[in-house]
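Residue numbers are given in UniProt numbering: position 81 of the sequence shown equals residue 81, and the series is strictly consecutive. Every residue gets a Cβ at the ideal spot worked out from N, C-alpha and C, and that includes glycine. None of the values given here were measured: they were computed from a predicted structure. Only one structure is covered here, and it is reproduced in the block below.
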Amino acid sequence: MGDIANKFFGGGTPKTSVKKYWDGNLPWIQSSDLVVGKLFDIKPKKYISENGLNNSASKQVPANSIAIVTRVGVGKVGYFPYSYATSQDFISFSNLNIDTLFGTFLCYKTLNGNLNLQGSSIKGITGVTARNFIIKIPQQKYEQFNIGQFMYHADKLITLHQYKSQ
Numbered sequence: 001m002g003d004i005a006n007k008f009f010g011g012g013t014p015k016t017s018v019k020k021y022w023d024g025n026l027p028w029i030q031s032s033d034l035v036v037g038k039l040f041d042i043k044p045k046k047y048i049s050e051n052g053l054n055n056s057a058s059k060q061v062p063a064n065s066i067a068i069v070t071r072v073g074v075g076k077v078g079y080f081p082y083s084y085a086t087s088q089d090f091i092s093f094s095n096l097n098i099d100t101l102f103g104t105f106l107c108y109k110t111l112n113g114n115l116n117l118q119g120s121s122i123k124g125i126t127g128v129t130a131r132n133f134i135i136k137i138p139q140q141k142y143e144q145f146n147i148g149q150f151m152y153h154a155d156k157l158i159t160l161h162q163y164k165s166q
């Protein structure tokens with residue numbers, strides 16, 4: 001799976017007791033912001049400042065990246081069309097080599113079918129493990145695009161029908 005991107009980012013959490021690290025302009029994504037199966041339109045609850053970014057292990061991830069939860073909430077996946085930072089519970093795939101919609105669905109389906117969790121108190125996977133998952137990718141970009149578009153529209157249709165039946 002590591003071949004789908006050219007850059008990978010981990011995360012970190014600025015000290016919550018230092019007010020100047022928070023309420024900035026950069027969305028700070030945490031596992032609770034993501035919902036299993038909801039891969040798009042994710043709304044962050046917190047924002048960090050430039051000061052918080054510079055004084056923690058958190059990194060600014062470029063827009064059009066895929067974030068994967070590797071610890072608490074492992075297996076959640078989200079696509080972010082905007083720049084963001086994450087907690088240490090994530091690995092982000094950036095500078096993608098494949099169609100973004102296709103890549104997002106591929107990551108979600110791969111992780112949710114192959115999780116062999118490690119750890120004794122907090123279960124998770126490592127970034128290396130996530131990057132080493134074996135996947136099959138159509139070589140032609142137009143095939144990736146068409147599959148990604150199909151999956152995206154099918155996902156939206158399923159969501160609409162679920163909403164109507166409530």
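Given a cut-off of 9 Å on the beta-carbon distance, is the pair I66 and S94 in contact? As a first step, residue 66 is located in the sequence shown; it is residue number 66 there, counting from the start. As a first step, residue 94 is located in the sequence shown; it is residue number 94 there, counting from the start. It is a contact, given that the beta carbons lie within the stated cut-off.
Have a look at S120 and F40 and give me their C-alpha separation to the nearest angstrom. Position 120 of the sequence shown, counted from the first residue, corresponds to residue 120. Position 40 of the sequence shown, counted from the first residue, corresponds to residue 40. With a pLDDT of only 48 at S120, under the threshold of 50, the placement of this residue in the model should not be trusted; the figure read from the coordinates follows. If I take the Cα positions, the gap works out to 31 Å.
Please tell me whether G2 and F8 are closer than 9 Å, where the distance is taken between their beta carbons. Here residue 2 refers to the residue found at position 2 of the sequence shown. Here residue 8 refers to the residue found at position 8 of the sequence shown. Yes, the pair counts as a contact, with Cβ atoms nearer than the cut-off.
Cα-Cα separation, A57 to I29: As a first step, residue 57 must be located in the sequence shown, where it is residue number 57. As a first step, residue 29 must be located in the sequence shown, where it is residue number 29. Approximately 14 Å between the Cα atoms of the pair.
Quick check for students: name the residue ranges of the alpha helix (DSSP H) that lie wholly in the region 27-102, counting only runs of 4 or more. 50-54
8 Å contact criterion, which I125 and V74 should meet: CB distance rounded: As a first step, residue 125 is located in the sequence shown; it is residue number 125 there, counting from the start. As a first step, residue 74 is located in the sequence shown; it is residue number 74 there, counting from the start. Contact holds; Cβ gap of about 6 Å.
Going by other Cβ atoms of all chains shown within 10 Å of its Cβ, with 16 needed for buried, is K76 buried or exposed? For the purposes of this step, residue 76 is identified with residue 76 of the sequence shown, where counting begins at 1. K76 is buried by the Cβ-count criterion.
Within a Cβ cutoff of 6 Å, which residues of the same chain sit near T104, ignoring the five residues on either side of it in sequence? Taking the sequence shown and counting its residues from 1, one reaches residue 104 at position 104. So the list reads L39, I66 and Y79, once near-sequence residues are dropped.
How would you write the range of the alpha helix (DSSP H) that N132 sits in, first residue to last? Sequence index remark: in the sequence shown, residue 132 carries index 132 (1-based). Segment G127 to N132, the alpha helix (DSSP H) holding N132.
What's the call for F150, buried or exposed, on a 16-neighbour Cβ count within 10 Å? To locate residue 150, count along the sequence shown from 1; it is residue 150. Counting Cβ neighbours within 10 Å, F150 comes out exposed, since fewer than 16 surround it.
Using the three-state DSSP reduction, which class does N146 fall into: helix, strand or coil? For this step, residue 146 is matched to residue 146 along the sequence shown. Helix at N146.
Counting C-beta neighbours from all protein chains within 10 Å, is the total for S92 16 or more, i.e. buried, or is it exposed? As a working mapping, residue 92 is identified with position 92 in the sequence shown. In summary, S92 is buried, with 16 or more beta-carbon neighbours lying within 10 Å of its beta-carbon over all protein chains present.
Comparing C-alpha positions only, which one of V69, D23 and A154 sits nearest to L111? Within the sequence shown, residue 111 is the residue found at index 111, counting from 1. Looking at the Cα atoms, V69 is the closest of the given residues.
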